[in-house]
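Report on the following structure.
Numbering (our numbering), first residue to last: 539 to 1017.
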């Protein structure tokens, strides 16, 4: 009897202690608060920046000496800021670690950098067409439609992440370009400067669109179009993630009389000359983790462009463009991307054909419609994708590569599940182009390769709502 009573008391005591322990563990979630522990940044040491200046590196960080960071957020904060330094596009690697930590929670952070190769006097070899797929299929990968020359990109020209660019392009089309961009021209590092001069001329010109296919006219003995653009601008970056850009450009375009006869609306009213000034304001919010291939964060862009300031100019067109991109990291290997973009134009009257480009140019396209264009005054596009990491490895080539910046090659491969929908409004040139003024839909699978952080190659099999399936390639070298 005594033994049974003792056992019952022991069981009751155990259960009481168990439930008391559970209650204590749950107490913070029921109203009890635990004060967060902070570390205080004493110093920031920078190592490995032989050319890049310290003030540029410190400008990109979310913290500075004297700031405090929650211990629970320290690791993610340092990782996020390492990626911010990589987004400058001038480092082969960037890591931020805790160098020392004393008993008063004062820490010294160490930034270890490996600078990239900054001078790229690369031979120029590029396609004259809108994308690789058009060149390969519709023009039978003809080497006659290739441009060649010299493309010099001098990154980090003065150690301030500035860029000096020159291009001498010959072959199918000629292009001569000189451009310079400096992100920090004042002591507060809030103002940037960019300027460029570009002259180009082509024997071939896309003079019209029929059946959502671009029509070309070629004359190897005469220049069909000549373009001159001179521009300069300022970037104001008062906060780390916000930038305002103001640009002014002068454009002078001239076409051969043959083009003006074949398409009187190319510049409108059979004109063969077009001159105008363009003013642009761009507002950008950037909270992406990795700009070349984002997996987490968001970005928003608003742009207002006014083409033509006086009655004497040949183009009067106001355009409003907006883009919002959101990336969700669902698991360590799986992420989801949402990209939206839209454009609206004023006045609501017929624009020159040359200024009526819509979907199918640049990054605004619907997968599965790469062989087509959907011109128009306005357009909208929504692109979604799941990205699943299936390969992640870093190769160390060591002595096989004499340039230190290229001795380590990080490579990642993602399986992509893509889904796009877009709409282009073309009230003036849409009569013979059935894909405008209606929704376009495309989806498919892709294999995305990311190397050296900022170089990507996408291999995609896409299908559109017409039942057409194709294999498409997109390559971005990071320049």
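Think of the CB as a built atom: it goes at the ideal place given N, C-alpha and C, for glycine as much as any other residue.
- Rounded to whole angstroms, the separation of the alpha carbons of residue 622 and residue 651 is 12 Å.
- In the DSSP assignment, residue 759 is bridged to no other residue.
- Residue nearest to residue 998 within the set 991, 990, 972 and 957 is 957 (criterion: CA-CA distance).
- The C-beta distance from residue 908 to residue 879 rounds to 17 Å, too long to meet the 8 Å contact threshold.
- Here residue 583 is exposed: its Cβ has fewer than 16 other Cβ atoms, across all protein chains shown, within 10 Å.
- Judged by their CB atoms, residue 912 and residue 900 are not nearer to each other than the 8 Å cut-off.
- Remark: C-beta atoms of residue 702 and residue 695 approach each other more closely than 8 Å.
- If you draw a straight line from the Cα of residue 978 to the Cα of residue 750, it comes to about 12 Å.
- The DSSP-derived three-state label of residue 893 is helix.
- In the structure shown, the three-state DSSP call for residue 735 is strand.
- For residue 642, no beta strand (DSSP E) encloses it, and the DSSP letter there is neither H nor E.
- The bridge partners DSSP lists for residue 948 are 932.
- The Cβ atoms of residue 989 and residue 923 do not sit closer than 8 Å to each other.
- Taking one beta carbon from each stretch, the segment 742-760 and the segment 719-729 have fewer than 3 pairs nearer than 8 Å; the two do not touch.
- Secondary structure at residue 826: coil, using DSSP grouped into helix, strand and coil.
- With respect to residue 629, residue 610 sits apart: the two C-beta atoms are not nearer than 8 Å.
- As the crow flies, the alpha-carbon of residue 809 is around 19 Å from that of residue 895.
- Boundaries for residue 989: no alpha helix (DSSP H) harbours it, while the beta strand (DSSP E) harbouring it runs 977-989, taken from the DSSP string.
- The residue among 815, 588 and 986 with its C-alpha nearest the C-alpha of residue 847 is 815.
- Burial state of residue 976 is exposed, judged by a 10 Å Cβ sphere holding fewer than 16 other Cβ atoms.
- Cβ contact annotation for residue 888 (same chain, cutoff 6 Å, sequence separation greater than five): 966, in chain order.
- Using a C-beta cut-off of 8 Å, the segment 919-936 makes no contact with the segment 836-846, since fewer than three inter-stretch Cβ pairs fall below that distance.
- The C-beta of residue 762 has 16 or more other C-beta atoms within 10 Å across all chains shown, which makes the residue buried.
- Ranked by Cα distance from residue 830, the first of 995, 782, 739 and 691 is 995.
- In the DSSP assignment, residue 711 falls within the beta strand (DSSP E) that extends over 711-720.
- Spatial neighbours of residue 736 in its own chain (CB-CB distance under 6 Å, excluding positions within 5 residues in sequence) are listed in chain order as 715 and 767.
- In this structure, residue 643 keeps its C-beta atom at 8 Å or more from the C-beta atom of residue 601.
- Beyond the five residues adjoining it in sequence on each side, residue 1005 comes within less than 8 Å, by CB distance, of no other residue in the same chain.
- In the DSSP annotation of this structure, the continuous segment of the alpha helix (DSSP H) that includes residue 619 starts and ends at 612-624.
- Measuring C-alpha to C-alpha distances from residue 883 to each of 892, 865 and 843 identifies 843 as the nearest.
- Beta-bridge partners assigned by DSSP to residue 844: 817 and 856.
- By the Cβ neighbour-count rule, residue 638 is exposed, with fewer than 16 other Cβ atoms within 10 Å of its own.
- Residue state for residue 799 is assigned as helix, using DSSP reduced to three classes.
- DSSP places residue 597 inside the alpha helix (DSSP H), whose first and last residues are 592-597.
- The C-alpha of residue 581 lies about 29 Å from the C-alpha of residue 693.
- Comparing alpha carbon positions, the residue from 936, 920 and 951 closest to residue 929 is 951.
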